[in-house]
Amino acid sequence: MEEQVAAYVAREYKQPLPPPPSEAGLPGILRKNLFATPFDAIVTVVLGLFSVWAVWKLVQWGLTTAVFTGANREACLAGEGGAVGACWAFVRAKFGQFVYGLYPIGQRWRVDITLLLLVALVLPFAIPRVPYKRLNVILLVVVFPFVALVLLTGGRFNISGGWVAFLFALAAFVSAVLAAGNAAAVPRLLKAATAMAVLSLAFLLASNIISSARVDLLAFRFSLLSLLALLAALASVVASLLSVRGTERTGAWTIRVLIPPLAVAAIIVLLSGDFGLTHVPTNLWGGLLVTLVVALTGIAASLPLGILLALGRRSHLPAIRLFSIIFIEFWRGVPLITVLFMSAFMIPLFLPDGVNFNQLLRALIGVALFSAAYMAEVIRGGLQAIPKGQHEAAQALGLGYWQMMRLIVLPQALKLVIPGIVNTFIGLFKDTSLVYIIGLADLLGTVRRGFSDPNWITPTTAATGLVFAAFVYWVFCFSMSRYSIYMERRLDTGHKR
Amino acid sequence: MTADVQTISEPRVSPMRDPRMRGLIIQIVMIIAILAFAAWLINNTVHNLAQARIASGFGFLSTRAGFDIGQVPIDYTANSSYGRALLVGITNTVLVAISGIVLATIIGFIVGIGRLSRNYLLRGLCTIYVETFRNIPPLLVILFWYFGVLSLLPHPRQAYDLPFGAYMSNRGLQTPAAIFEPMAILTLAALVVGIAGAVILAKANRRRQMQTGQFRPTFWPSVGLIIGLPLVVFILTGFPVTFEFPQATRFNLVGGWQIKPEFLSLFLALSFYTAAFIAEIVRAGIMSVSRGQTEAASALGLSRGKALRLVIVPQAFRVIIPPLTSQYLNLTKNSSLGLAVGYPELVAVGSTVLNQTGQSVEVVAVWMVVYLGLSVLVAAFMNWFNARMALVER
Numbered sequence: 047m048e049e050q051v052a053a054y055v056a057r058e059y060k061q062p063l064p065p066p067p068s069e070a071g072l073p074g075i076l077r078k079n080l081f082a083t084p085f086d087a088i089v090t091v092v093l094g095l096f097s098v099w100a101v102w103k104l105v106q107w108g109l110t111t112a113v114f115t116g117a118n119r120e121a122c123l124a125g126e127g128g129a130v131g132a133c134w135a136f137v138r139a140k141f142g143q144f145v146y147g148l149y150p151i152g153q154r155w156r157v158d159i160t161l162l163l164l165v166a167l168v169l170p171f172a173i174p175r176v177p178y179k180r181l182n183v184i185l186l187v188v189v190f191p192f193v194a195l196v197l198l199t200g201g202r203f204n205i206s207g208g209w210v211a212f213l214f215a216l217a218a219f220v221s222a223v224l225a226a227g228n229a230a231a232v233p234r235l236l237k238a239a240t241a242m243a244v245l246s247l248a249f250l251l252a253s254n255i256i257s258s259a260r261v262d263l264l265a266f267r268f269s270l271l272s273l274l275a276l277l278a279a280l281a282s283v284v285a286s287l288l289s290v291r292g293t294e295r296t297g298a299w300t301i302r303v304l305i306p307p308l309a310v311a312a313i314i315v316l317l318s319g320d321f322g323l324t325h326v327p328t329n330l331w332g333g334l335l336v337t338l339v340v341a342l343t344g345i346a347a348s349l350p351l352g353i354l355l356a357l358g359r360r361s362h363l364p365a366i367r368l369f370s371i372i373f374i375e376f377w378r379g380v381p382l383i384t385v386l387f388m389s390a391f392m393i394p395l396f397l398p399d400g401v402n403f404n405q406l407l408r409a410l411i412g413v414a415l416f417s418a419a420y421m422a423e424v425i426r427g428g429l430q431a432i433p434k435g436q437h438e439a440a441q442a443l444g445l446g447y448w449q450m451m452r453l454i455v456l457p458q459a460l461k462l463v464i465p466g467i468v469n470t471f472i473g474l475f476k477d478t479s480l481v482y483i484i485g486l487a488d489l490l491g492t493v494r495r496g497f498s499d500p501n502w503i504t505p506t507t508a509a510t511g512l513v514f515a516a517f518v519y520w521v522f523c524f525s526m527s528r529y530s531i532y533m534e535r536r537l538d539t540g541h542k543r
Numbered sequence: 003m004t005a006d007v008q009t010i011s012e013p014r015v016s017p018m019r020d021p022r023m024r025g026l027i028i029q030i031v032m033i034i035a036i037l038a039f040a041a042w043l044i045n046n047t048v049h050n051l052a053q054a055r056i057a058s059g060f061g062f063l064s065t066r067a068g069f070d071i072g073q074v075p076i077d078y079t080a081n082s083s084y085g086r087a088l089l090v091g092i093t094n095t096v097l098v099a100i101s102g103i104v105l106a107t108i109i110g111f112i113v114g115i116g117r118l119s120r121n122y123l124l125r126g127l128c129t130i131y132v133e134t135f136r137n138i139p140p141l142l143v144i145l146f147w148y149f150g151v152l153s154l155l156p157h158p159r160q161a162y163d164l165p166f167g168a169y170m171s172n173r174g175l176q177t178p179a180a181i182f183e184p185m186a187i188l189t190l191a192a193l194v195v196g197i198a199g200a201v202i203l204a205k206a207n208r209r210r211q212m213q214t215g216q217f218r219p220t221f222w223p224s225v226g227l228i229i230g231l232p233l234v235v236f237i238l239t240g241f242p243v244t245f246e247f248p249q250a251t252r253f254n255l256v257g258g259w260q261i262k263p264e265f266l267s268l269f270l271a272l273s274f275y276t277a278a279f280i281a282e283i284v285r286a287g288i289m290s291v292s293r294g295q296t297e298a299a300s301a302l303g304l305s306r307g308k309a310l311r312l313v314i315v316p317q318a319f320r321v322i323i324p325p326l327t328s329q330y331l332n333l334t335k336n337s338s339l340g341l342a343v344g345y346p347e348l349v350a351v352g353s354t355v356l357n358q359t360g361q362s363v364e365v366v367a368v369w370m371v372v373y374l375g376l377s378v379l380v381a382a383f384m385n386w387f388n389a390r391m392a393l394v395e396r
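Top to bottom, those sequences are chains A and B. With our numbering, the residue at position 159 of the first sequence is 205, and numbering never jumps. With our numbering, the residue at position 163 of the second sequence is 165, and numbering never jumps.
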């Protein structure tokens, strides 16, 4: 018996109907997106007229009635009955100041090289496909700051023997820790290395309290005790070296242990050496240079400090947690201006006689502490999002606290909060403009000074300069935010359902 | 059966291997280090202050200030004390912060909702607004309003005429001043009564709806109570108010209320700048309410307005409020940028006091206490509001 037969069977696909005329083509798109309802239509017409008017005014101001060339304010003054738009001649004349401040004109190539180096290091770091990321980071974070410092200031820092000894003592500690990573290292020598490093620090502490005879060595001025500290630090390094001798791959381990003291030696040579660069004091720096210096130092300082503070705030040790909370909430509760005033007026009070921080350095300290507090809160958000199981699994594997944080928790937490971190960077970059209030000449500061220059006072100078500055800030911040969106998409592995 | 019982002595562990001991040691070391650092700082400070011959302490607050302040909402003359000057500064800070918060919230909500509109043009303009203001420093916006816009306005003699007898010139905005007669107090009383009545009515109607399911209109009666009642009283008492209009004299505009350009530029800049951030918060909040909620609301037969009011907005608010709080706090703290255009808020007044007296530690302490106090106040209020709005879970 046959199955029930349908009355009608479609033997071929039906041709789709054309869309209704109200939906099709340009009129349809327009109707849907601009004139969907009467209210929409009114909004569209009003806003459309407004946009046309605004664009027309902008073009008029920035192009058709603008002045592009001229040597002084005369060029930008309106004639009889005429109106003058932007005074781009002003920006053109002051461009050098906006970028370099009062940096001597003959020496500006040093700033150029520094900026080029920065771009050359940041670009490959920012593009994920470029290899050698580890080398890149070391160059950017460790080498570049010192090179930039020497290039910009001219170097020849007067480093005291105490500082030399201190740096070597730190290097000795790092070497001892590195040597301890070798399972076959001789334990007794390792202990000796640590003891010598501690002894070195003790000598240093003593040298700060007790004055002792002066000894000159290799252009550095040591006190007797700081010289002893230096010797102890070197002895510690030697002990570390001996402890890894005779283990497997001795050569590699020797190099590893030697890296910290060699790096310190290189830094000292770099900072105190004479490279024939004339000294440029920081009060001559200005413009975009200062903006970048303040922003980059703030960024570089705030990330590690912020991580430490965030970890401290989630620590189980009540004293550390309380300290972190007070520190973070204090800085977050007050405006940056008061922080800058505080660093400008109070740091000189805090320092002992004879120690002087220049204005730029004081501002940098204020900015770094301030942004560290904000960074800490962002990172804490990431830490809170990591499930407890991750901590427990790390502990079950036998990892210590720092290993757990470094290898398991922080990589996940930081990845989660990249947008927040970049937002903090953007905020920091914008906030650098406040240093002009305490007398530093950053980009906004030089523009502000520029349009008060009697040679250039016209009704439109201020607006032109500020629009230019706004554009520069905007380019930096907007590209940072776009980059963060890009990274967010790239790193978004498995959190989206 | 004998078991070889052997007492196993606890292995000797170095205290640094015991987590509890180690924690204790780390904390003690840190506390000692912090105390030593603080002692070192205080020691240096005392020494330096003694060398500079600056007497510490807050005694200077009661000495004569001797400088004038541009905008004084409370009584102040150059003969008043430094403490009074700082109080004027605090009042001005609060003034600009509150007005800025109101305008920023209004603009922010409009722009934020506009960014979700289907209208190309509206959405595009709102996006341009947000991306522009989010990426330039607030200080620059303030300077732009002050030097780029307001100081280019004509002199008071050629001031722009605005509606209602107001004038706009490079001395700021001059509006007619309302002078209230004593009878006006009745209108104020009527307003208070009206608000109280509206609140009681709303509660009663709500209770009724909860118990019986009957709906009674609340909105229009409330409007009548809050606006109508004072209006009636106002008319009955015979318009107890007169307006003082600004008069153009030879060099200036006299009379009326004057809003100074310093205030205007700070207020406008802070509002426009913060509004961009609020817009993003609002947009994120609305987008966080899933589409299913809208569909469920319409399946229940709620009109679009009711669905917005009863379903979408309350849920969006939960997401919006915490970041909104921090934006309000940011605005309050950014009001300290008024210093750059000479608006006499706390930091500007404080820096004058600091320059005159050299009491940097004390002035900075006053700043910190006031700003931390304001932060705590705003945060406490918003936390209370948040707790009221929060989801009540089982």
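Don't be surprised by glycine CBs; every beta carbon is placed ideally from N, CA and C.
In this structure, the alpha-carbon of S224 of chain B lies about 8 Å from that of V201 of chain B. Excluding the 5 residues flanking it on each side, L486 of chain A has same chain C-beta neighbours closer than 7 Å at V336, Q405, L406 and A409, in chain order. A direct Cα-to-Cα measurement between L351 of chain A and R359 of chain A gives close to 12 Å. Of all alpha-carbon atoms in A:R57, A:A431 and A:G412, the one lying nearest the alpha-carbon of L460 of chain A is that of A:A431. When A:W134, A:W99, A:S68 and A:G94 are compared, the shortest CA-CA separation from G496 of chain A is found for A:W134. Residue state for L164 of chain B is assigned as strand, using DSSP reduced to three classes. Straight across, the Cα-Cα distance linking T328 of chain A with L342 of chain A is about 16 Å. If you draw a straight line from the Cα of L374 of chain B to the Cα of G379 of chain A, it is about 5 Å long.
For Q317 of chain B, the uninterrupted alpha helix (DSSP H) run begins and ends at V315 to N336, by DSSP.
The shortest CA-to-CA distance from I314 of chain A to any of A:V424, A:P398, A:M421 and A:V196 is the one to A:V196. Within the same chain, L355, R359, A419, A422 and E423 come within 7 Å of I374 of chain A by CB-CB distance, once the 5 residues on both sides are set aside.
Along the stretch 137 to 171 of chain B, going in chain order, the ones with a CB nearer than 9 Å to a CB of chain A are N137, I138, P139, P140, L141, L142, V143, L145, F146, Y148, F149, G150, V151, S153 and L154.
Excluding residues up to 5 positions away in sequence, I432 lie with their Cβ nearer than 6 Å to the Cβ of Q458 of chain A in the same chain.
Nearest CB-CB separation between T384 of chain A and chain B: below the 8 Å threshold. Within a 10 Å sphere around the beta-carbon of G511 of chain A sit 16 or more other beta-carbons, which makes this residue buried.
Within the stretch 110 to 194 of chain B, the runs of beta strand (DSSP E) that reach at least 3 residues and sit entirely inside it are, in chain order, 162 to 164, 168 to 171, 174 to 177 and 179 to 182.
Check the Cα spacing between V321 of chain B and each of B:S16, B:M289 and B:V343: the tightest is with B:M289. In this structure, DSSP gives R295 of chain A a state outside helix and strand, which the three-state scheme calls coil.
The stretch 211 to 278 of chain B contains, as complete alpha helix (DSSP H) runs of 4+ residues, the segments 221 to 225 and 231 to 238 (chain order). A Cβ of chain A is located within less than 8 Å of the beta carbon of G25 of chain B.
In the three-state reduction of the DSSP assignment, R378 of chain A falls in the helix class. For the stretch 60 to 75 of chain B, the set of positions with a beta-carbon nearer than 7 Å to some beta-carbon of chain A is empty. S267 of chain B sits close to I144 of chain B, with the two beta carbons spaced by under 8 Å. For the alpha helix (DSSP H) assignment, the uninterrupted runs of no fewer than 4 residues enclosed by the stretch 13 to 79 of chain B are, from N- to C-terminal side, 21 to 54.
Less than 8 Å divides the Cβ of P140 of chain B from the Cβ of A271 of chain B.
Per DSSP, reduced to three states, the secondary structure at S257 of chain A is coil, with no helix or strand assignment. In the displayed model, G147 of chain A falls within a strand according to three-state DSSP. For a cut-off of 8 Å, the C-beta gap from S282 of chain A to A222 of chain A is around 6 Å, short enough to register as a contact. Using a Cβ-Cβ cut-off of 9 Å, R173 of chain B is close to nothing in chain A; its nearest Cβ partner there is about 16 Å away. In this structure, the CA atom of I483 of chain A is about 11 Å from the CA atom of S338 of chain B. Two segments are said to touch when three or more pairs of C-beta atoms, one from each, lie closer than 8 Å; by this definition the stretch 286 to 294 of chain A does not touch the stretch 190 to 208 of chain A. Near chain A, meaning a CB-to-CB distance below 7 Å, the residues of the stretch 360 to 389 of chain B are S362, V363, V366, W369, M370, Y373, L374 and S377. DSSP places V113 of chain A within a strand segment (E or B) once states are collapsed to three. The closest CA to that of V261 of chain A, considering only A:I371, A:A515, A:L274 and A:V326, is found on A:L274. Using a Cβ-Cβ cut-off of 8 Å, L338 of chain A does not count as an interface residue toward chain B, since no Cβ of chain B sits closer than that to its own. For S282 of chain A, the uninterrupted alpha helix (DSSP H) run begins and ends at L270 to S289, by DSSP.
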